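Peer 1:
Following this line, the structure appears as structure tokens:
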């Protein structure tokens, strides 16, 4: 089965797909397009869901709401940003960077004290640096290699623990025995005091470790939310889900293992 | 006191500041820069905190974590996107749009079936449409007026309830009697089963309406979070905060009124 990820070449999604499978993935223009192919069963998708600095990835969370897919694995990619340019750091006159890359490297950028021009993607930064040879691009090592731009500074990121979590999405759920985590989407449809507290009770009572909660707009107007929950897999988790189902609509993305990325 | 917002001219922040004060605000290059001036007491900042389609605004949530400011008001701006161009819709060959604008107008874009080129901001889209007269920019009505580009299509947004919530940030807290909402940041510093459930108990027990919960990365590595809570103001809310303070570190942003935007 083909692996589909957000392109263009040199994205972190591209990097993680190659690391997981050893093969070149299909590169698509949007995260939604990855979900469309996964829902049809025409591809296995790999999409970023959260970053330890920037938080949740909106288009992926919205894709999970909109498309009928299951989560069949997760993996973690340490994120390193580099500065790539055809001239030395002393000669660089400006830096091209995606706003999120800028946010993740803000301390190094402040020290460099050069004008920063925002672009629409890390690949766009690389292409700009190919055109304007006095400039540098803040991109991944993989992107610098792909676009053949020399790396002049490494580890620009503010945090040494900067990590992005990816999920594998497929038409059908995971059925192996080694699942470690489960994910659900709860859409309460109404807003009453104590609601979220009540939704968490089935987990708290069973001492199930809730590894993540993320609220997303419900699409029914401001102040109305849906909740993504991730929690540890196991018999107790099934119990908790069954109890929750009695009170609120739940979508289950299934339980899944951790995939190892070797880079 | 000067009002500071994220620029350039024609952003929704610019529009809301003019609507609230009737005066031209100081336009700054980043949301962080707005926080810096507000923390020093040199400006009143107005920054977007959440959108009913796209969710929380990361740089604002991170600014609240990093800078010592209070929230002194909130207001809601209905968001309308328009297509602006010097040629008619039949002649348009491509559309410039910020990725978030693209996301909020995805259904209209699908119907138009034109190539979409992503830009770094709505203002950048407007400037591109000024340069390339065969193109259109997906921007606000205020931006189209500011950059003097004719509007050729209105209400591109998927959702008719598309709304952005803004907060007013200042060095000192609000002390009026008409506060309706309070905001706090909880940083649990550790992760134990049932923790979030326990954090919500003081509110649930008092039947206090929790209007919003948003998790943000703690900066201590992936899987570690801080929580923003918004809840209704009042004596019971003070009680709940005092109880919470006994168990976890809390930052209080204060209680504040709803400001009316007249557009």
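Residue numbers (the working numbering), protein chains in the order written: chain A, 1 to 263; chain B, 264 to 526. Ideal placement from N, C-alpha and C gives every residue a C-beta, glycine not left out. Treat the numbers as computed from the prediction; the structure is a model and nothing was measured.
1) When you compare the CB of residue 118/A with every CB in chain B, is at least one pair closer than 8 Å?
2) Does residue 460/B get closer than 8 Å to chain A when you measure Cβ to Cβ?
3) Which complete alpha helix (DSSP H) runs does the segment 432 to 497 of chain B hold, if anything under 4 residues is left out?
4) Report the CB separation of residue 26/A from residue 3/A in whole angstroms; it is logged as a contact under 8 Å.
5) Where DSSP assigns a beta bridge to residue 4/A, which residues make up the other side?
6) Determine, using beta carbons only, whether residue 479/B comes closer than 8 Å to chain A.
7) Using the beta-carbon of each residue, which ones in chain A are nearer than 7 Å to residue 422/B?
8) Give the DSSP-derived three-state secondary structure of residue 368/B in the structure shown.
9) Is it right to say residue 192/A is buried, meaning 16 or more other beta carbons lie within 10 angstroms of its own, or is it exposed?
10) Whose Cβ in chain B lies nearer than 7 Å to the Cβ of residue 76/A?
11) Any idea what DSSP makes of residue 509/B, helix, strand or coil?
12) Quick one: is residue 418/B buried, meaning 16 or more other Cβ sit within 10 Å of its Cβ, or exposed?
13) Just to make sure I have the definition right: I need the residues of chain A whose C-beta is within less than 8 Å of the C-beta of residue 467/B. Which are they?
14) Any residues in the segment 405 to 432 of chain B with a beta carbon nearer than 7 Å to a beta carbon of chain A? Which ones, in chain order?
15) Flag residue 48/A as yes if its beta-carbon sits less than 8 Å from any beta-carbon of chain B, otherwise no.
16) Can you give me the C-alpha to C-alpha distance between residue 258/A and residue 420/B, rounded to a whole angstrom?
17) So what does DSSP say about residue 118/A, is it helix, strand or coil?
18) Based on the DSSP output, what are the partners of residue 51/A in its beta bridges?
19) Bridge partners for residue 254/A per DSSP, in chain order?
20) With 9 Å as the C-beta to C-beta threshold (strictly closer), list the residues of the segment 49 to 63 of chain A near chain B in chain order.
21) Could you tell me whether the segment 127 to 143 of chain A touches the segment 346 to 362 of chain B, using the rule of 3 or more Cβ pairs below 8 Å?
22) Confirm, please, whether the CB-CB distance from residue 399/B to residue 380/B is below 8 Å.
23) Taking residue 296/B as part of the alpha helix (DSSP H), name the residues at either end of that continuous run.
24) Applying the 10 Å Cβ sphere with the 16-neighbour rule, what's the burial state of residue 48/A?
25) Report buried or exposed for residue 230/A, applying the criterion of at least 16 other Cβ atoms within 10 angstroms of its Cβ.
26) Here's the rule I'm using: 16 or more other beta-carbon atoms within 10 Å means buried, otherwise exposed. How should residue 254/A be labelled?
27) What does the Cβ neighbour count give for residue 62/A, buried or exposed, with the cut at 16 atoms within 10 Å?
28) Quick check: the segment 95 to 107 of chain A against the segment 195 to 204 of chain A, are at least 3 beta-carbon pairs closer than 8 Å?
29) Pairing CB atoms from the segment 171 to 178 of chain A with CB atoms from the segment 205 to 217 of chain A, are three or more of them under 8 Å?
30) So, with DSSP's three-state summary, where would you put residue 336/B?
31) Hey, is residue 207/A's beta-carbon within less than 8 Å of any beta-carbon in chain B?
32) Please name the residue or residues paired with residue 341/B in a DSSP beta bridge.
33) What does the Cβ neighbour count give for residue 470/B, buried or exposed, with the cut at 16 atoms within 10 Å?
34) Would you mind telling me which residues of chain A sit closer than 9 Å to residue 475/B, beta carbon to beta carbon, in chain order?
35) Inspect the beta-carbon positions of residue 489/B and residue 450/B and report whether they are closer than 8 Å.
36) Answer with buried or exposed for residue 501/B, where buried requires no fewer than 16 other C-beta atoms within 10 angstroms of its C-beta.
Peer 2: Once the coordinates are examined:
1) yes
2) yes
3) 458 to 468
4) 7 Å
5) 26/A, 45/A
6) yes
7) 219
8) coil
9) exposed
10) 485
11) coil
12) exposed
13) 193, 194, 197, 198
14) 422, 424, 426, 428
15) no
16) 38 Å
17) strand
18) 55/A, 164/A
19) 183/A
20) 50, 51, 52, 53, 54, 55, 56, 58, 59, 61, 62
21) no
22) no
23) 294 to 303
24) buried
25) buried
26) buried
27) buried
28) no
29) no
30) strand
31) yes
32) 426/B
33) exposed
34) 215, 223, 225
35) yes
36) exposed
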